[in-house]
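Asks: Handing you a structure now.
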Amino acid sequence: MNKKALVMLLIIPIPMIPLTSNGLLIVVTFPSLVYDVKQLAYIDDTIVSIVPFGADPHEYQLTPSDIDLLKKADIIISTGHTSFEKDIRLRVESREFNGVLIEINSLEGIVIKDNPVTHQPNYHMVIYDPYNYMVFIRYLGDVMSSLRPVLSQYYKTRVGDVLSRVEGIVENSPKLNNCIAVADTPLTQYAVSWTGISIQYLVVKEHGMPASPKDIENIAYSLEKGFIDIVVVTEPISSKASSLLVELANKYDVPIVYVKSPLINKSIVDKLDYIASQISSLEINAPQSIETHSVSRQYYMYPLTSILVFSMIALTLYIIYRSGR
Amino acid sequence: MYVLAIILCIIIAMVSITLAIISNPIWVIVMLSATIAYGFLSPVIASRRLYFLASASPHSALLATITAIPLAMSTPINNVYFWALIVGLILIYFVGYLIHSGLDPDIATALFVSFTSSTSVIALYYVLTRYPIETDLTTIIIGDPLLSNWSDALIASSIALVSLVFIIVSYCEQVCIGVDRVSTRLTGIRVWFYDLIVFTLLALTTVLLIRIVGFVLEHVLILLPASIAINVTDSARRALFISVLASIVAGLTGLYMAILFDIAPAGATGLTLLAMYVAGLLLRGS
Chain D
878 MNKKALVMLL
888 IIPIPMIPLT
898 SNGLLIVVTF
908 PSLVYDVKQL
918 AYIDDTIVSI
928 VPFGADPHEY
938 QLTPSDIDLL
948 KKADIIISTG
958 HTSFEKDIRL
968 RVESREFNGV
978 LIEINSLEGI
988 VIKDNPVTHQ
998 PNYHMVIYDP
1008 YNYMVFIRYL
1018 GDVMSSLRPV
1028 LSQYYKTRVG
1038 DVLSRVEGIV
1048 ENSPKLNNCI
1058 AVADTPLTQY
1068 AVSWTGISIQ
1078 YLVVKEHGMP
1088 ASPKDIENIA
1098 YSLEKGFIDI
1108 VVVTEPISSK
1118 ASSLLVELAN
1128 KYDVPIVYVK
1138 SPLINKSIVD
1148 KLDYIASQIS
1158 SLEINAPQSI
1168 ETHSVSRQYY
1178 MYPLTSILVF
1188 SMIALTLYII
1198 YRSGR
Chain P
638 MYVLAIILCI
648 IIAMVSITLA
658 IISNPIWVIV
668 MLSATIAYGF
678 LSPVIASRRL
688 YFLASASPHS
698 ALLATITAIP
708 LAMSTPINNV
718 YFWALIVGLI
728 LIYFVGYLIH
738 SGLDPDIATA
748 LFVSFTSSTS
758 VIALYYVLTR
768 YPIETDLTTI
778 IIGDPLLSNW
788 SDALIASSIA
798 LVSLVFIIVS
808 YCEQVCIGVD
818 RVSTRLTGIR
828 VWFYDLIVFT
838 LLALTTVLLI
848 RIVGFVLEHV
858 LILLPASIAI
868 NVTDSARRAL
878 FISVLASIVA
888 GLTGLYMAIL
898 FDIAPAGATG
908 LTLLAMYVAG
918 LLLRGS
């Protein structure tokens, strides 16, 4: 049986899972977390994702079968920032769920970065940062060991394996300090900031927000003038923001770093490895100083445009007025 | 009046060119196309008294866009636009058939809205939680014309052209059907054919433009241009002219305001159109 098939068996809905062994039942909110937890799990531990693979967890609501599943969970792993995850926290606090709740974003040692454009905390996939990821893996290993002391040594060994792999990726990857980047969405920030890449521009500033004219103009202008060294795009390319960036990067010959979407079925370690392999082969010119540049608009056109727009409105209103006569 | 209209057309062309220079030509093409398409469609909707259906059609466009995602992923025709159009046409034709058969348009639309709104909620949740997201559904609702590419611009301008041609060719008959459907039928005009044109254009403009202008702006652009026109004139021909004019001017002004104040153009356009409506009311009062 191949690896993928084995994982699929582990994530089938709870009624079909034989819960007869002494293994831990670990329920994760984001489907990709299955692959991260699986790295530590013993063969009879069961890992189940509430949100189905490929679906957007931001829009998810708990179903009755999810509630039943969560009641049986030994460990509940949540990022703690979507609405259904907040619902889970309330139910744990009211003791409706008795499992140990691990809210990744609230763990001691997890560093929440500020969104470079909105300057608000960026809660999107904080464990894409390898240092945050190591904090999470250590904590998870401790919780699993405490709940199943018999396998404590096993879990610690697996934690050590994962940590040494992450440390290896970080150490062996070249550092691109002061490289300025533009990204399509804020979730890429944690995925590349550990390499020294500084995301200074975002097409979509926050999940579900429309792009603003100034941002798009600034990005296009900065790419054209060479103020941006790298373009960071979420893979697979499915949004208009990602397509726009790829188009602009190709037009102005700026290298692209692809970041696997958190919804892709791989562990964070594999995703970091993928980023590191791209970083190693990048050829970047001398980095700019870290500062954003605003578009040098054709300001001389603005008085003319304002006059024309004003005339257009005035004449339209006059025609409307005359039509009524 | 004709001289003024010609001068205004020249100014509109100049505003379009300057906006394309200071911002992005794709944004100008997309906004112009959307406003032309809805500017022409709006007075037909008004004359046929299909306001309720027109305001409900973005709901069907939303349902069509959502259901197109699983259809595109599970069939050999992996094109979301294609499936959205098919579903959108089926939905609109269904309500069109009910109206054509003699059911009161408001009652037919009420049934239609109940069905599309309820199924949209179910489909939205089902697709968001069961399918890999190929598109951000929030941007479909809010609208993000600034992220349009040349292919979107081509689609939008094609729809504008289709809307312009079909409305100009059939406008007289559409108004006659709206004024007195029975008498128009007695004159030998094939009413069903003109019904088909209206419902097809409604489906085309709402389904294919929802990804560009968004669910919210569609409501405004379908309803307000004709309302502005009807406020100030009794002439059907003038109403068409004012509707198109108001729609285009609002679109370009909205885009310019968006560039100037760094705000979403969909919202700025909606507000401009609303301001024009209020100004029209005040001018009428004076």
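Those protein sequences? They're chains D and P, same order as listed.
Position in the first sequence (from 1) plus 877 gives the number in my numbering.
Position in the second sequence (from 1) plus 637 gives the number in my numbering.
We put the CB at the ideal spot given by N, CA and C, even for glycine.
#1: Going along chain D, which residues have a C-beta under 8 Å from P:A642?
#2: Quick test of your reading: D:S1089 and P:I900, contact by CB under 8 Å. State the CB separation rounded to the nearest angstrom.
#3: Within 8 Å (strictly less), CB to CB, does P:M638 reach chain D?
#4: Between D:A950, D:K949, D:D943, D:H996, which has its C-alpha nearest D:Q1077's C-alpha?
#5: If we call anything under 8 Å between Cβ atoms a contact, is D:I979 one with D:I965?
#6: Taking just the CA atoms, how far does D:S1023 sit from D:S1029?
#7: Verify the CB distance criterion: does P:R875 have a CB-CB separation below 8 Å to chain D?
#8: With three or more C-beta pairs closer than 8 Å as the rule, is the segment 689 to 702 of chain P touching the segment 808 to 821 of chain P?
#9: For the alpha helix (DSSP H) containing P:I647, list its first residue and its last residue.
#10: Quick check on the DSSP output: the alpha helix (DSSP H) that includes D:V1043 runs from which residue to which?
#11: Specify the secondary structure class of D:G1061 as computed by DSSP and reduced to three states.
#12: Please name the residue or residues paired with D:K1137 in a DSSP beta bridge.
#13: For P:G780, decide whether its Cβ has a neighbour in chain D, counting only Cβ atoms nearer than 8 Å.
#14: Measure the Cβ-Cβ separation of D:V1225 and D:Q1155 and say whether it is below 8 Å.
#15: So P:L669 packs on P:S679, CB below 8 Å; how close in whole Å?
#16: I'd like to know whether the C-beta of D:A1118 is nearer than 8 Å to at least one C-beta of chain P.
#17: Would P:V857 pass as an interface residue toward chain D - the criterion being a Cβ-Cβ separation below 8 Å?
#18: What are the start and end residues of the beta strand (DSSP E) that includes D:V904?
#19: Going by C-alpha distance, which of P:T746, P:M894, P:L889 is nearest P:M943?
#20: In the DSSP assignment, the alpha helix (DSSP H) including D:L1079 goes from what residue to what residue?
#21: Using a Cβ-Cβ cut-off of less than 7 Å, give me the residues of the segment 1057 to 1089 of chain D that come near chain P, in sequence order.
#22: Given this structure, state the Cα-to-Cα distance separating P:L892 from D:L1159, to the nearest angstrom.
#23: Quick one, which residues of the segment 1177 to 1190 of chain D are near chain P if we go by CB-CB under 9 Å, in chain order?
#24: Note down, in chain order, each residue of its chain lying with its Cβ closer than 8 Å to the Cβ of D:G1073, except the 5 sequence neighbours on either side.
#25: Excluding the five sequence neighbours on either side, which residues of its own chain have a C-beta within less than 6 Å of the C-beta of P:L726, listed in chain order?
#26: Under 8 Å, Cβ to Cβ, is there at least one residue of chain D near P:I729?
#27: In the DSSP assignment, find the alpha helix (DSSP H) that holds P:V667 and state where it starts and stops.
#28: With 8 Å set as the bound, which would you pick, yes or no: does the beta-carbon of P:S684 sit closer than that to a beta-carbon of chain D?
#29: Can you tell me whether P:I900 is helix, strand or coil according to DSSP?
#30: In chain order, what residues of the same chain have a beta carbon less than 6 Å from the beta carbon of D:S909, not counting five sequence neighbours either side?
#31: Give, in chain order, every residue of the segment 650 to 683 of chain P whose Cβ lies closer than 9 Å to some Cβ of chain D.
#32: In chain D, which residues lie with their C-beta within 8 Å of the C-beta of P:V886?
#33: For the putative contact between P:T885 and P:I706, defined by C-beta atoms under 8 Å, what is the C-beta separation to the nearest angstrom?
#34: Given that P:Y688 touches chain D, what residues does it touch there, using C-beta distances under 9 Å?
#35: Shorter than 8 Å from the beta carbon of P:E771 to some beta carbon of chain D?
#36: Assign P:Y639 to one of two classes, buried (16 or more other C-beta atoms within 10 Å of its C-beta) or exposed (fewer than that).
Replies: Reading it off the structure:
#1: Within the second sequence, the letter at position 5 stands for residue 642 of chain P. By Cβ distance, chain D contributes I1196.
#2: Here residue 1089 of chain D refers to the residue found at position 212 of the first sequence. Here residue 900 of chain P refers to the residue found at position 263 of the second sequence. Confirmed, about 7 Å.
#3: Stepping through the second sequence from its first residue, residue 638 of chain P is reached at position 1. Yes, P:M638 counts as interfacial toward chain D.
#4: In the first sequence, residue 1077 of chain D corresponds to position 200, counting from 1. Among D:A950, D:K949, D:D943, D:H996, the Cα nearest to that of D:Q1077 is on D:H996.
#5: For the purposes of this step, residue 979 of chain D is identified with residue 102 of the first sequence, where counting begins at 1. For the purposes of this step, residue 965 of chain D is identified with residue 88 of the first sequence, where counting begins at 1. Taking 8 Å as the Cβ cut-off, D:I979 and D:I965 do not qualify as a contacting pair.
#6: If you number the first sequence from 1, residue 1029 of chain D lands on position 152. If you number the first sequence from 1, residue 1023 of chain D lands on position 146. If I take the Cα positions, the gap works out to 7 Å.
#7: Numbered from its first residue, the second sequence carries residue 875 of chain P at position 238. Yes, because at least one Cβ of chain D sits closer than 8 Å to the Cβ of P:R875.
#8: no
#9: The count along the second sequence starts at 1 and reaches residue 647 of chain P at position 10. Residues 639 to 659.
#10: Locating residue 1043 of chain D in the first sequence gives position 166, where the first residue counts as 1. Residues 1029 to 1049.
#11: Residue mapping note: residue 1061 of chain D aligns to position 184 of the first sequence, counting from 1. Per the sequence shown, residue 1061 of chain D should be read as Asp rather than Gly. Residue state, collapsed to three classes: coil.
#12: Counted from its first residue, the first sequence places residue 1137 of chain D at position 260. Partner(s): D:E1112.
#13: In the second sequence, residue 780 of chain P corresponds to position 143, counting from 1. P:G780 counts as touching chain D.
#14: Residue numbering for chain D in the displayed model covers 878 to 1202; residue 1225 of chain D lies beyond these limits and cannot be assessed.
#15: Counting from one through the second sequence, the residue named residue 669 of chain P turns up at place 32. Counting from one through the second sequence, the residue named residue 679 of chain P turns up at place 42. That belief does not hold up - the Cβ atoms of P:L669 and P:S679 are roughly 16 Å apart, past 8 Å.
#16: Within the first sequence, residue 1118 of chain D is the residue found at index 241, counting from 1. Output row for D:A1118: interface = yes.
#17: Indexing the second sequence from 1 puts residue 857 of chain P at position 220. No, P:V857 does not count as interfacial toward chain D.
#18: Along the first sequence, one-based indexing puts residue 904 of chain D at 27. First-last of the beta strand (DSSP E) with D:V904: 902 to 905.
#19: Here chain P has residues from 638 to 923 only, and residue 943 of chain P is not among them.
#20: In the first sequence, counting from the first residue as 1, residue 1079 of chain D sits at position 202. Unbroken run through D:L1079 is the beta strand (DSSP E), 1075 to 1079; no alpha helix (DSSP H).
#21: G1085, P1087, A1088, S1089
#22: If you number the second sequence from 1, residue 892 of chain P lands on position 255. If you number the first sequence from 1, residue 1159 of chain D lands on position 282. Taking the straight line from one Cα to the other gives about 38 Å.
#23: M1178, Y1179, L1181, T1182, S1183, L1185, V1186, S1188, M1189, I1190
#24: For the purposes of this step, residue 1073 of chain D is identified with residue 196 of the first sequence, where counting begins at 1. Closer than 8 Å at the Cβ level, and outside the excluded window around D:G1073, lie K1052, L1053, N1054, N1055, C1056.
#25: Against the second sequence, residue 726 of chain P aligns to sequence position 89. A840.
#26: Along the second sequence, read from residue 1 onward, the residue named residue 729 of chain P stands at position 92. Taking Cβ atoms only, chain D never reaches closer than 8 Å to P:I729, which makes this a no.
#27: On the second sequence, position 30 is the one that residue 667 of chain P refers to. Taken as a continuous stretch (DSSP letters only), the alpha helix (DSSP H) holding P:V667 covers 662 to 684.
#28: By one-based count along the second sequence, residue 684 of chain P stands at place 47. Taking Cβ atoms only, chain D never reaches closer than 8 Å to P:S684, which makes this a no.
#29: Numbered from its first residue, the second sequence carries residue 900 of chain P at position 263. P:I900: coil per DSSP, three-state reduction.
#30: By 1-based counting over the first sequence, the position of residue 909 of chain D is 32. P1139.
#31: M651, V652, T655, L656, I658, I659, S660, N661, W664
#32: Working through the second sequence from its first residue, we reach residue 886 of chain P at position 249. Simply M1189, I1190, T1193.
#33: Residue 885 of chain P sits at position 248 when you count from the first residue of the second sequence. Residue 706 of chain P sits at position 69 when you count from the first residue of the second sequence. Per the sequence shown, residue 885 of chain P should be read as Ile rather than Thr. Not quite, the Cβ-Cβ distance comes to about 32 Å (not below 8 Å), so this is no contact.
#34: Within the second sequence, numbered from 1, the residue matching residue 688 of chain P stands at position 51. Those do not exist, as P:Y688 stays about 20 Å from chain D at its closest Cβ, beyond 9 Å.
#35: Position 134 of the second sequence, counting from 1, holds the residue named residue 771 of chain P. Per-residue confidence for P:E771 stands at a pLDDT of 48, beneath the threshold of 50, marking its modelled position as unreliable; the derived number appears in the next sentence. Yes, because at least one Cβ of chain D sits closer than 8 Å to the Cβ of P:E771.
#36: Walking along the second sequence from the start, residue 639 of chain P turns up at place 2. Result: exposed.
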